[in-house]
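Quick notes on the structure that follows.
Numbering (full-length UniProt numbering), first residue to last: 1 to 711.
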């Protein structure tokens, strides 16, 4: 993180885009930094590592032997430069964030390890003869969006030790994780019953977290405020003057925050550049790991700062305090002969050091809100290990092609089975296949009330004669799933049977749970899961639609075809987004531009008529005389203006069509990138028009695919 030379309180970032925390000191002074480095003690590397490293803060008597660090330019390594600033924000159920040992067994992967993005682009664009300029502006914008909120680890239920025993690497060197800077008190006093109140730094830190959220929808949610108060009053103590949240006035802190935000906006370009460079300098050594001698990018090396938990939808824990993570919470995984990463906080030490080469995580800790969940640090999406696992995932989905006919035949036969369990499994498998539903897991009381196929309630499915089912439930991430679909009559009748004599809140599939369904799926095909179904159906839909709908035309028209196919996949997978606040303004602006071009077109047509009669052009709208042009030149201008109008109208239609659909999630997690790359090669569409910079790096393994590839 960058160094701040001023002694003034730091300017916290806006709560929406804060990289390192809302109200924390973003940068320590150079003087303090050097002083801390001088005091810091390395954690020793033991010769015989116990199963659990003691949690005491005693310093080691035997420092580690000096070895080349990851950031040491003198270290002899094969450098693998992939110029990616941000990593992708993947959907939480994407197995990119699952230890590789929990995924599929290795399949052979052709070619060398991934090359740089530049090489990737040259490979794909060799077949593009259209000469179209790369869509740089759009790609850059999309790339930034993809990188947002992806700097910290997501939570998963998978255990750190759960592996298949297969060796994933031989040597692993990295520098651990970077922590958010310590909180720097601002000293601004909040009010209780109109009077200023003194707070300790710890109390003030949490109060500021709450104050800066004043303009958000969370301030209208009683659960958020109740959870915040329950955690904050523990810090205040029983006898504190503040006895309730209702009489608290956080306005002075909010005003200070807004003032600091404004000061930050007023920073000069040079000042911002200096801060950015200093931040990059401090983070550089954490950005890279050396895996089997190859320099690889680390994906999410930052420890998330403390803050107030929000969750998605009506999460029961919204508003609770996410406590600060310390080195003593973090387990490091590293090669046996590698130097143990230096603990960056003086006087503290790592919780545990492991040397497990059957997993690919570099570090993990328990989620501060739900200790049953784990947060992992993995290599970046552009790394060779990630590329390997991606290819395995899509090959597994492709394998389903060889089984799908028999699977569909089997579950169709069991729609009318007299065995109720078999019948429920058959109908559930049908719904997962046809509607791309997630399997669903049993949830704890402190988790969001979301639903999957196995956890559907009677009230979530309404029958509409003769054979339609209307689904209405909260799916993953509290995104509502609403869909009315025609089903086969035996399925309709089976649903009627499953609902009979049950209340609205009873389980629809009362003889079925996720473990039973998953066991059944694996009997149908090795490694088959609901997600494999989703990946298969998403990819096959994209492949079929692109093959059927792509016609001759310019690049823009072909991109519209791709976006339409991508949209259909997003609808299948229920990937939604809220309408952008700026959508209306953007559409109005496009309409204005079209009106302006229509006026220009009208003038050009008038001038063409006059030119054909040998008359001079009419005066422009501002009364000035226009340059005389030949009829041929005017016809060319008319053609160009018509093309601009057509493009803008096409853009407007696409923008309106996609305003509530999230295309990115399916691209990242469910669509085999080889389909897109092969299509781009066949139809001479620059790959940059479809994949942003992050996706190009993530899917560099797919760039050598043959143009004739079909999923």
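We treat Cβ as the ideally placed atom computed from N, Cα and C, and that holds for glycine.
It should be emphasised that the depicted structure is a prediction, and the values quoted were computed from it without experimental measurement.
**OP:** Kindly identify the DSSP beta-bridge partner or partners of residue 376.
**Re:** The residue you call residue 376 lines up with position 376 of the chain shown. Paired residue(s): 364.
Subject >> Exposure label - residue 579; buried when at least 16 CB within 10 Å >> reply: Residue 579 sits at position 579 when you count from the first residue of the chain shown. Label assigned to residue 579: exposed.
Original post:
Taking C-beta to C-beta, are residue 394 and residue 672 nearer than 8 angstroms?
Top reply: Numbered from its first residue, the chain shown carries residue 394 at position 394. Numbered from its first residue, the chain shown carries residue 672 at position 672. In this structure, residue 672 lies closer than 8 angstroms to residue 394 by Cβ.
**OP:** Determine, using beta carbons only, whether residue 491 and residue 415 come nearer to each other than 8 angstroms.
**Re:** Numbered from its first residue, the chain shown carries residue 491 at position 491. Numbered from its first residue, the chain shown carries residue 415 at position 415. Yes, the Cβ-Cβ distance between residue 491 and residue 415 is below 8 angstroms.
Subject >> Backbone CA spacing between residue 487 and residue 646 [nearest angstrom] >> reply: To locate residue 487, count along the chain shown from 1; it is residue 487. To locate residue 646, count along the chain shown from 1; it is residue 646. Taken atom to atom, the span from the alpha-carbon of residue 487 to that of residue 646 is near 40 angstroms.
Original post:
Below 8 angstroms, can you find three or more Cβ-Cβ pairs linking the region 307 to 315 to the region 185 to 193?
Top reply: Contact between the region 307 to 315 and the region 185 to 193 is absent: fewer than 3 CB-CB pairs across the two stretches fall below 8 angstroms.
Subject >> Any beta strand (DSSP E) of 3 or more consecutive residues that is wholly inside the region 369 to 436 >> reply: Fully enclosed beta strand (DSSP E) runs of 3 or longer: 374 to 377.
Original post:
Considering only residues of the same chain and omitting the five flanking positions on each side of residue 685, which have a CB-CB separation below 6 angstroms?
Top reply: Here residue 685 refers to the residue found at position 685 of the chain shown. Cβ-Cβ distances below 6 angstroms link residue 685 to 555 and 558 in the same chain, with the five nearest sequence neighbours on each side left out; the list follows chain order.
**OP:** Hey, could you find the ends of the beta strand (DSSP E) residue 496 is sitting in?
**Re:** In the chain shown, counting from the first residue as 1, residue 496 sits at position 496. Looking at the DSSP string, residue 496 is not in any beta strand (DSSP E); the run it does join, the alpha helix (DSSP H), is 489 to 499.
Original post:
Near residue 364, what residues of its chain come up, given a Cβ to Cβ distance below 6 angstroms and the 5 sequence neighbours on each side ignored?
Top reply: Residue 364 sits at position 364 when you count from the first residue of the chain shown. Cβ neighbours of residue 364 beyond the five flanking positions: 160, 331, 374 and 376.
Original post:
Quick one: what does DSSP say residue 486 is sitting in, helix, strand or coil?
Top reply: Here residue 486 is taken as the residue at index 486 of the chain shown, counted from 1. Note: residue 486 maps to strand in three-state DSSP.
Original post:
Where DSSP assigns a beta bridge to residue 333, which residues make up the other side?
Top reply: Position 333 of the chain shown, counting from 1, holds the residue named residue 333. DSSP lists 354 as partners of residue 333.
**OP:** For residue 248, write down the residues that DSSP places opposite it in a beta bridge.
**Re:** For this step, residue 248 is matched to residue 248 along the chain shown. Paired residues: 192.
**OP:** Give the DSSP bridge partners of residue 472, in chain order.
**Re:** Residue numbering aside, residue 472 sits at position 472 when the chain shown is read from its first letter. Its beta-bridge partners are 482.
Original post:
Counting Cβ pairs, one atom from each stretch, are 3 or more of them under 8 angstroms apart for the region 505 to 513 and the region 541 to 548?
Top reply: Taking 8 angstroms as the limit for Cβ pairs, the verdict is that the region 541 to 548 does not touch the region 505 to 513.
Original post:
Going straight from the alpha carbon of residue 360 to that of residue 175, what length do you get?
Top reply: One-based indexing of the chain shown puts residue 360 at position 360. One-based indexing of the chain shown puts residue 175 at position 175. Each residue's Cα considered, the two are about 15 angstroms apart.
Subject >> C-alpha distance - residue 682 paired with residue 542, whole-angstrom precision >> reply: In the chain shown, residue 682 corresponds to position 682, counting from 1. In the chain shown, residue 542 corresponds to position 542, counting from 1. Looking at the two C-alpha atoms, the distance is approximately 15 angstroms.
Subject >> Anticipated Cβ contact below 8 angstroms, residue 721 with residue 289, distance rounded >> reply: In the structure as shown, the chain begins at 1 and stops at 711. Residue 721 is therefore absent and cannot be evaluated.
Original post:
Beta carbon of residue 183, beta carbon of residue 211: below 8 angstroms?
Top reply: Indexing the chain shown from 1 puts residue 183 at position 183. Indexing the chain shown from 1 puts residue 211 at position 211. Taking 8 angstroms as the Cβ cut-off, residue 183 and residue 211 do not qualify as a contacting pair.
Original post:
Distance, Cα to Cα, residue 452 vs residue 427?
Top reply: Locating residue 452 in the chain shown gives position 452, counting from the first residue. Locating residue 427 in the chain shown gives position 427, counting from the first residue. Between the C-alpha atoms of residue 452 and residue 427 there is a straight-line separation of about 14 angstroms.
Original post:
Taking the alpha carbon of residue 699 as the point to measure from, which residue in 674, 679 and 708 has its own alpha carbon closest?
Top reply: Taking the chain shown and counting its residues from 1, one reaches residue 699 at position 699. Across the set 674, 679 and 708, the C-alpha of 674 shows the shortest separation from the C-alpha of residue 699.
Original post:
Thinking just about the alpha-carbon of each residue, which of 616, 298, 635 and 637 is nearest to the one in residue 627?
Top reply: If you number the chain shown from 1, residue 627 lands on position 627. Answer by Cα proximity: 616.
Original post:
Within 10 angstroms of its Cβ, does residue 209 collect 16 or more other Cβ (buried), or is it exposed?
Top reply: Here residue 209 corresponds to residue number 209 of the chain shown, with the count starting at 1. Residue 209 should be labelled buried.
**OP:** Go through its chain and collect everything with a Cβ distance to residue 196's Cβ below 7 angstroms, but skip five positions before and after it.
**Re:** Looking up residue 196 in the chain shown gives position 196. So the list reads 189, once near-sequence residues are dropped.
**OP:** Can you say whether residue 433 is buried or exposed, counting buried as having 16 or more other CB atoms within 10 angstroms of its CB?
**Re:** Here residue 433 corresponds to residue number 433 of the chain shown, with the count starting at 1. Residue 433 sits buried, since 16 or more C-beta atoms from the chains shown fall within 10 Å of its C-beta.
Subject >> Cut-off 8 angstroms between Cβ atoms - residues of its own chain near residue 367, not counting five sequence neighbours on either side >> reply: Mapped onto the chain shown, residue 367 falls at position 367. So the list reads 155, 373, 374 and 375, once near-sequence residues are dropped.
**OP:** Output the boundary residues of the alpha helix (DSSP H) element that contains residue 604.
**Re:** To locate residue 604, count along the chain shown from 1; it is residue 604. Residue range 583 to 612 is occupied by the alpha helix (DSSP H) that includes residue 604.
Subject >> Between the CA atoms of residue 710 and residue 603 - distance to the nearest angstrom >> reply: Position 603 of the chain shown, counted from the first residue, corresponds to residue 603. Position 710 of the chain shown, counted from the first residue, corresponds to residue 710. The straight-line gap separating the alpha-carbon atoms of residue 603 and residue 710 is approximately 49 angstroms.
**OP:** For residue 645, name the three-state secondary structure that DSSP assigns.
**Re:** Locating residue 645 in the chain shown gives position 645, counting from the first residue. In the structure shown, residue 645 falls within a helical segment according to DSSP collapsed to helix, strand and coil.
Original post:
Measuring CA to CA, which of 333, 324 and 338 is closest to residue 345?
Top reply: What you label residue 345 is simply residue 345 of the chain shown in a count that begins at 1. Nearest option by C-alpha distance: 324.
Original post:
For the candidate residues 322, 529, 307 and 272, whose alpha-carbon lies nearest to that of residue 396?
Top reply: Here the question's residue 396 lines up with position 396 in the chain shown. For the set 322, 529, 307 and 272, the Cα lying nearest the Cα of residue 396 is the one of 529.
**OP:** From the DSSP output, in three-state form, read off residue 526 for me.
**Re:** Here residue 526 refers to the residue found at position 526 of the chain shown. Residue state, collapsed to three classes: coil.
Original post:
Using DSSP with H/G/I as helix, E/B as strand and the rest coil, what is residue 640?
Top reply: Working through the chain shown from its first residue, we reach residue 640 at position 640. Assigned with DSSP and collapsed to three states, residue 640 falls in helix.
**OP:** Would you identify the three-state DSSP class for residue 233, choosing helix, strand or coil?
**Re:** Within the chain shown, residue 233 is the residue found at index 233, counting from 1. Here residue 233 sits in helix by DSSP.
**OP:** Return the Cβ separation of residue 438 and residue 470 in integer angstroms, given the expectation that the two are a contact with Cβ distance under 8 angstroms.
**Re:** For the purposes of this step, residue 438 is identified with residue 438 of the chain shown, where counting begins at 1. For the purposes of this step, residue 470 is identified with residue 470 of the chain shown, where counting begins at 1. No, residue 438 and residue 470 are not in contact; Cβ-Cβ is about 19 angstroms, not under 8 angstroms.
Original post:
Which of the three DSSP states, helix, strand or coil, is assigned to residue 661?
Top reply: Here residue 661 is taken as the residue at index 661 of the chain shown, counted from 1. If DSSP states are grouped into helix, strand and coil, residue 661 belongs with the strands.
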